[in-house]
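Visitor: First the structure, then my questions, so here it is.
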Amino acid sequence: MKKITIIILSFLLIFYSNTFVFASNTNEIHTLEVFEDGSYIEEQIDCSPTVSLFSTTSTKYGHKTATYKSSSGNTIWTITVSGIFTYNGKSSKCTKSTVTTTCVNSNWKITNKSSKKVDSTATASATATKYTNKVAVQTIKRSVSLSCSKLGKLS
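Right under this line is the structure:
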């Protein structure tokens with residue numbers, strides 16, 4: 007009987023000494039830049055819910071997308087940074103950063119794609135160029151950064 011009591015007490019001690027973290031999805035859209043022709047770039051952050059059982063360190067995956075839209079609201083191209091982060095309430099760290107692009111409009115080309123991770127931030131960069139009759143008429147260089155706070159909030 008004494009062994010069973012010790013096992014139960016040990017289990018309860020382990021169970022209650024660890025942190026349960028349940029973070030919700032975020033989905034925020036912000037318009038960042040409006041161009042002379044009425045086209046604009048907006049950014050959106052999406053992240054997965056975080057569940058961390060029996061651990062003091064949690065992992066969170068998220069991405070931030072910059073979308074270039076025409077004045078009528080049609081998507082022309084996107085640049086997305088995806089990041090995997092760990093955090094523990096005292097610090098956070100980016101463990102992986104990737105870049106993805108899409109180009110819906112055939113007059114635009116995306117080049118010079120890159121991604122990097124520094125401390126708790128994932129950053130993706132790319133250059134989008136519009137061509138008319140095979141001549142570059144507009145170039146937009148864009149960087150998108152996603153950071154994770156020590157509490158797991160992505161921004």
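Just so we're on the same page, my numbering is the position in the sequence shown counted from 1, plus 6.
Where is the CB? At the ideal position from N, CA and C, for every residue including glycine.
If you draw a straight line from the C-alpha of A142 to the C-alpha of S97, how long is it?
Guide: Against the sequence shown, residue 142 aligns to sequence position 136. Against the sequence shown, residue 97 aligns to sequence position 91. In a straight line, the C-alpha of A142 is about 44 Å away from that of S97.
Visitor: Which of the three DSSP states, helix, strand or coil, is assigned to V110?
Guide: Translated into the one-based positions of the sequence shown, residue 110 becomes position 104. V110: coil per DSSP, three-state reduction.
Visitor: Going residue by residue through the region 48-102, where are the continuous beta strand (DSSP E) segments of at least 3 residues, counting only ones entirely within it?
Guide: 56-58, 64-75, 81-93
Visitor: Mapping the DSSP letters down to three states, classify N118 as helix, strand or coil.
Guide: The residue given as residue 118 occupies position 112 in the sequence shown. Residue state for N118 is assigned as strand, using DSSP reduced to three classes.
Visitor: Leaving out five residues before and five after T135 in sequence, what residues of the same chain have Cβ atoms less than 6 Å from its Cβ?
Guide: Position 129 of the sequence shown, counted from the start, is the residue given in the question as residue 135. K115, A142, T145, listed in sequence order.
Visitor: In angstroms with no decimal places, state the Cα-to-Cα distance between L157 and T107.
Guide: In the sequence shown, residue 157 corresponds to position 151, counting from 1. In the sequence shown, residue 107 corresponds to position 101, counting from 1. Annotation: L157 to T107 spans about 29 Å, alpha carbon to alpha carbon.
Visitor: Below 8 Å on the Cβ atoms is my contact criterion, and I expect S45 with S77 to pass it. Report the Cβ-Cβ distance as a whole number of Å.
Guide: On the sequence shown, position 39 is the one that residue 45 refers to. On the sequence shown, position 71 is the one that residue 77 refers to. Sure, about 5 Å apart at Cβ, within 8 Å.
Visitor: Output the boundary residues of the beta strand (DSSP E) element that contains S153.
Guide: Here residue 153 refers to the residue found at position 147 of the sequence shown. S153 -> beta strand (DSSP E) spans 141-153.
Visitor: Label H36 either buried or exposed according to how many other C-beta atoms from any shown protein chain fall within 10 Å of its C-beta, with 16 as the threshold for buried.
Guide: Residue numbering aside, residue 36 sits at position 30 when the sequence shown is read from its first letter. H36 should be labelled exposed.
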